[in-house]
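Sequential numbering from 18 applies to the sequence shown in the working numbering.
The next block holds one structure in the form of structure tokens; read it before the comments.
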Amino acid sequence: MAKPEKVTEVKSLADSAKDAAAVILTEYRGLTVKQMKELRTNLGTDVRYAVAKNKLSKLAMKEAGLEGLDEMLVGPTAIAFVGADGDPVAAAKELSKFAKDNPALVLKGGMMDGNVLDVDEVKKLASLESREVLLAKSAGVLKALMYRTAALLVAPASKTVRTVDALREKQEKAA
């Protein structure tokens, strides 16, 4: 690759890395072009799955301020850049699922929120529920808390009404 092309490639990778919510590294040795295309399709539009020379990737990661990935950038490496609007959990799930179905794809690790992730941490990330499910559960908890708070606020008034009602009935029976 000529020098200007390399500079352009490094800039492109660095820009993707800077804008990424997460970066997941994989080894793709043995995957066919058809399988790579299928993986890119499965990852969706919020994930850029790029194959680049390790030397260029190291330069790009350094330029983007992502330190600690150098030891993972050995052998044939492809990088999944999860866009800022993307879901790192969904991307990790898809990569893990694809790796399970296609043993030629091997997870290497990654980075999220400035923290280097090893293979086990990427797999843990993949085992989490999706963002939408977690948001729905949080909304359910908040809704339950609101109902509980409303019941607690109404309880003293209803207790007073029941007490007055019981006293009235007691007086009517006594009379």
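Don't be surprised by glycine CBs; every beta carbon is placed ideally from N, CA and C.
Predicted model, so just to flag it, every value in this text is computed and none were measured.
Where residue i falls: helix, strand or coil (DSSP)
i      : result
Val40  : strand
Tyr66  : strand
Thr49  : coil
Asn119 : coil
Leu86  : coil
Leu101 : Residue identity check: residue 101 is Ala in the sequence provided, not Leu. Residue state, collapsed to three classes: coil.
Gly92  : coil
Gly126 : strand
Ala192 : coil
Cut-off 7 Å between Cβ atoms - residues of its own chain near residue i, not counting five sequence neighbours on either side
i      : result
Ala77  : Val27, Leu30, Ala31 and Ala34
Ala81  : Ala31, Ala34 and Lys35
Val139 : Ile41, Ala109, Leu124, Gly126 and Gly127
Glu189 : none
Lys23  : Leu73
Close-in-space but distant-in-sequence residues of the same chain around residue i (CB under 8 Å, 5 per side omitted)
i      : result
Leu60  : Tyr66, Ala97, Ala108, Glu111 and Leu112
Val106 : Leu142, Ala143, Leu145, Glu146, Ser147 and Arg148
Pro21  : none
Ala116 : Thr43, Leu122, Val123 and Leu124
Integer-rounded CB distance, given that residue j should sit under 8 Å from residue i
i     : j      : result
Ala38 : Gly100 : 7 Å
Leu90 : Ser74  : 5 Å
Asp6  : Asp102 : Coverage of the chain is limited to positions 18 through 192, which leaves residue 6 absent and any answer about it impossible.
Ala95 : Thr25  : Not quite, the Cβ-Cβ distance comes to about 19 Å (not below 8 Å), so this is no contact.
6 Å Cβ shell around residue i - same chain, five flanking residues per side excluded
i      : result
Gly85  : Val133
Ala195 : Since the first residue of the chain shown is 18 and the last is 192, residue 195 is not available in this structure.
Leu83  : Ala34 and Met128
Val68  : Ala95
Bridge partners - residue i, DSSP secondary structure assignment
i      : result
Leu134 : Gly127
Next on the checklist: Just to confirm the assignment: which complete alpha helix (DSSP H) runs, minimum length 4, are found wholly within the stretch 136-188?
Outcome noted: 136-144
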